[in-house]
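What follows is a set of notes on a single structure, which appears directly below.
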Amino acid sequence: MADSATAPACAARALIEELTKIVGAQHVLTDEADYGPRLIDNRSRLHGRVDCAVRPANTSQTAAVMRAAKALGALVFTQGGNTSNVGGATPVSSNAEAPRLLLLTDRMRAVEVIDTINDTVLVQAGCPLSELREAAALKGRLFPVSLAAEGTCTVGGILATNAGGVHVLSYGNTREQCLGIEVVLEDGRILDMLRGLRKDNTGYDLKDLFIGSEGTLGIITRAVMKLRPAPTDTLVCLMMLPASSALAPSFSALSSAFAESLTAFEVMHRDTVVHVSRVWPEVTQSIDLSHPWYALAEISVADAKNVVARQALLEETLAELFERNQIADALLAQSERQKSELWRVRESIPEAHKKTGGNVKHDISVPRSSLVAFVEETNALLKALFPWIQPSVFGHFGDGNLHYNMGVCEGSDPRLCFLNEERIHEVVYEQIARFRGSVAAEHGVGRFKHDLLACVKTPAEYALLRAVKTAFDPQGRLNPGAVVDALPAS
Ligand SMILES: Cc1cc2nc3c(=O)[nH]c(=O)nc-3n(C[C@H](O)[C@H](O)[C@H](O)COP(=O)(O)OP(=O)(O)OC[C@H]3O[C@@H](n4cnc5c(N)ncnc54)[C@H](O)[C@@H]3O)c2cc1C
């Protein structure tokens, strides 16, 4: 009989044997050298451990993997592109006994069917977001979720985190793109909800429970996603704002002029743009870095015949803002190259911070009308406590969602922000409560905000979240340690 020390090793060996029967030896990775980078989160803050990684080719193999995992009591950590900003995909758990399995979706990456009458796409969970966007574009359609990690993150990942990105303002987040979903449950049952319906009021929406569930309720294997008409052109401009008080009026002016054609309105504080310029001077070379705030606006034009008229309206709107001193200057891109150069400033921000040691991050939202007050009050509170602090603020003003991150002023010890991380979080999250905002606007809860969730939900909400988790995963084997824990067995 196996003693207590060898039992976990025996269970892990048995799991590997079972998985090998299901997917073949070449798709069960047992050597850490083959999956090592997947044990570390995108911000290099967590280091997990598993007994093996498995790469099922399709839904039925995923179901068989889940049955084997259940039989052996294995913990299952599902991973797409491993771009989670909240440690959601890293296999860290306090349960040291159970065998651990990293389930990779990278072999399930096909765009199966594009229906140009229903304007939908049936796509597998491991498909990288950029490949889905490219496949849609080939059919003259747009899949509107777009974010800086789109070359790596997957359809399953954006669904499991209900990702936002830069076009939520006009198209909504990932939840709003999804019509149907296929999920493998913890016991291997397949939940086929792959309906491409825009109307379906048949009781509770189970599909919606899995969107944003971060691998804790089931494994998403396929989805039916909405497609939109592809715009024929876009207008892109970078506005230089003289003060934070100009953020709301410049947004309102463009929003009134262009309504839903305003497909992005991203803001960046000067210190954030200056930080990018220190890391990659060439990225910001066309920008005067002396303005307090910058706003990057994108307007989509559906019909090529309207481009000239839309450009004239944009120029008129900018001129009015200029006359009212609500913008100091603006750069209107004149070519595709200039558009990408302006977008590159915004998209380089996360990588620039990563390259210089990172900062203390908050992915927050408050009502758009309170956003400026939130930033100014919270900056003042933090500066009073920590004179060395340097906020790096940027994000999706149109969605009331900012990445409100804290680093250190030039010349200060970069470790200071991490040494004071807890107190910084406390100040920010108290302010979020005061403004009735969210502590996890678009990146999800993952492991980094698991404990915070209990504090920001009412006791009744939190109890229901745990009841939902327990209903789908009674033994707490799916991505344990992320989002919320199952209730103890009674
Ligand atoms: C540079 C950069 C920019 C980013 N910008 C944005 C942004 O603008 N907006 C935004 O919302 N996010 C952004 N993110 C965060 C990240 O890209 C998203 O959270 C993304 O949706 C995760 O996709 P993924 O495939 O990498 O998932 P992973 O990181 O692998 O996993 C994320 C979570 O989803 C679960 N999961 C993954 N696949 C499945 C599946 N098939 N079934 C069930 N659960 C699954 C995992 O268990 C985990 O909990 C950014 C990240 C980076 C690095």
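Numbered according to numbering that gives the first Met the number 0, the sequence shown terminates at residue 489, and the numbering increases by one at each position without gaps. We put the beta carbon where it would ideally sit given N, CA and C, even for glycine.
Task: Beta-bridge pairing of R140 - partner residues as DSSP gives them - done: Taking the first residue of the sequence shown as position 1, residue 140 is located at position 141. DSSP lists P228 as partners of R140.
Open item on the list: Within 10 Å of its beta-carbon, does D472 have 16 or more other beta-carbons around it, so buried, or fewer, so exposed?
Closed with: The count along the sequence shown starts at 1 and reaches residue 472 at position 473. With 16 or more other Cβ atoms within 10 Å, it is buried.
- [ ] Report yes if the CB atom of V154 is closer than 7 Å to the CB atom of V122, and no otherwise.
- [x] As a working mapping, residue 154 is identified with position 155 in the sequence shown. As a working mapping, residue 122 is identified with position 123 in the sequence shown. Yes, Cβ-Cβ distance for V154 and V122 is below 7 Å.
Task: Within 7 Å, strictly: CB atoms of L232 and V300 - done: Here residue 232 corresponds to residue number 233 of the sequence shown, with the count starting at 1. Here residue 300 corresponds to residue number 301 of the sequence shown, with the count starting at 1. The sequence as given places Asp at residue 232; Leu does not occur at that position. Yes, the Cβ-Cβ distance between D232 and V300 is below 7 Å.
Open item on the list: I believe S481 touches E96 by the beta-carbon criterion, under 8 Å. Please report the beta-carbon distance rounded to the nearest angstrom.
Closed with: Here the question's residue 481 lines up with position 482 in the sequence shown. Here the question's residue 96 lines up with position 97 in the sequence shown. The sequence as given places Ala at residue 481; Ser does not occur at that position. With a beta-carbon spacing of about 19 Å, A481 and E96 fall beyond the 8 Å limit used to define contacts.
Open item on the list: Considering Cα atoms alone, identify which of V22, R343, K69 is closest to E185.
Closed with: Along the sequence shown, read from residue 1 onward, the residue named residue 185 stands at position 186. For E185, the closest of V22, R343, K69 by C-alpha to C-alpha distance is K69.
TODO: Identify, in the order they occur along the chain, each residue of the same chain with its Cβ nearer than 6 Å to the Cβ of C492, setting aside the five sequence neighbours on each side.
DONE: This structure gives no information on residue 492, because the portion of the chain shown stretches from 0 to 489.
TODO: Evaluate contact between the region 73–84 and the region 140–158, counting only Cβ atoms and requiring at least three cross-stretch pairs below 8 Å.
DONE: Counting Cβ pairs under 8 Å, three or more are found: they touch.
Open item on the list: Using only CA atoms, which one of G406, S169, A488 lies nearest to F417?
Closed with: Counting from 1 along the sequence shown, the entry for residue 417 is found at position 418. For F417, the nearest C-alpha among the options comes from G406.
- [ ] Within its chain, find whatever has a CB closer than 7 Å to the CB of R48; leave out the 5 residues flanking it on each side and keep chain order.
- [x] The sequence position of residue 48 within the sequence shown is 49, counting from 1. Contacts found: L38, P90, R99.
Task: Neighbourhood of L491 by C-beta, 6 Å cutoff - its chain only, sequence neighbours within 5 removed - done: Absent from the structure is residue 491, since the part of the chain shown begins at 0 and ends at 489.
Task: Contacts around E375, its chain only, beta-carbon distance under 8 Å, and the 5 residues preceding and following it disregarded - done: One-based indexing of the sequence shown puts residue 375 at position 376. So the list reads S243, once near-sequence residues are dropped.
Task: From L477, A466, N478, residue whose alpha carbon lies closest to that of P487 - done: On the sequence shown, position 488 is the one that residue 487 refers to. When the alpha-carbon of P487 is set against those of L477, A466, N478, the nearest one is in A466.
Open item on the list: Per DSSP, what are the beta-bridge partners of W292 in this structure?
Closed with: Stepping through the sequence shown from its first residue, residue 292 is reached at position 293. Bridge partners of W292: L240, H268.
Open item on the list: Can you check which of these residues, L261, A311, M224, is closest to A135 by C-alpha distance?
Closed with: Residue 135 sits at position 136 when you count from the first residue of the sequence shown. With distances taken between Cα atoms, A135 lies closest to M224.
Open item on the list: Nearest by alpha-carbon distance to I116: which of S364, M267, L381, L226 is it?
Closed with: In the sequence shown, residue 116 corresponds to position 117, counting from 1. For the residues S364, M267, L381, L226, the minimum Cα distance to I116 belongs to L226.
Task: In DSSP terms, what T262 is bridged to - done: The residue you call residue 262 lines up with position 263 of the sequence shown. Beta-bridge pairing links T262 to no other residue.
TODO: Give the DSSP-derived three-state secondary structure of E460 in the structure shown.
DONE: Here residue 460 corresponds to residue number 461 of the sequence shown, with the count starting at 1. Note: E460 maps to helix in three-state DSSP.
- [ ] Classify Y203 as helix, strand or coil using the three-state DSSP reduction.
- [x] Reading the sequence shown from its first residue, position 204 is the one you call residue 203. In this structure, Y203 counts as coil in the three-state DSSP scheme.
Open item on the list: Going residue by residue through the region 345–392, where are the continuous beta strand (DSSP E) segments of at least 3 residues, counting only ones entirely within it?
Closed with: Here the runs fully enclosed are 362–364.
Task: Run of the alpha helix (DSSP H) containing E16, from where it starts to where it stops - done: Reading the sequence shown from its first residue, position 17 is the one you call residue 16. Here the alpha helix (DSSP H) through E16 covers 6–22.
Open item on the list: Quick check for students: name the residue ranges of the beta strand (DSSP E) that lie wholly in the region 310–345, counting only runs of 3 or more.
Closed with: Taking only runs of at least 3 residues, the beta strand (DSSP E) segments lying wholly in the region 310–345 are 328–331.
Task: C-beta atoms of P55 and V27 nearer than 7 Å - done: Stepping through the sequence shown from its first residue, residue 55 is reached at position 56. Stepping through the sequence shown from its first residue, residue 27 is reached at position 28. Result no, Cβ atoms of P55 and V27 do not sit closer than 7 Å.
- [ ] Look up R221 in the DSSP assignment and give the residues it is bridged to.
- [x] Here residue 221 refers to the residue found at position 222 of the sequence shown. Paired residues: Q123, E181.
Task: Rounded straight-line distance, which links the Cα of E420 to that of L381 - done: On the sequence shown, residue 381 is found 382 positions in, with the first residue counted as 1. On the sequence shown, residue 420 is found 421 positions in, with the first residue counted as 1. Rounded to the nearest angstrom, the gap between the Cα atoms of L381 and E420 is 12 Å.
Open item on the list: Counting beta carbon pairs with one atom in the region 377–396 and one in the region 257–268, are three or more of them shorter than 8 Å?
Closed with: Segments in contact, yes.
Open item on the list: Check this for me: beta carbons of T58 and T220, under 7 Å apart or not?
Closed with: As a first step, residue 58 must be located in the sequence shown, where it is residue number 59. As a first step, residue 220 must be located in the sequence shown, where it is residue number 221. Going by C-beta atoms, T58 is nearer than 7 Å to T220.
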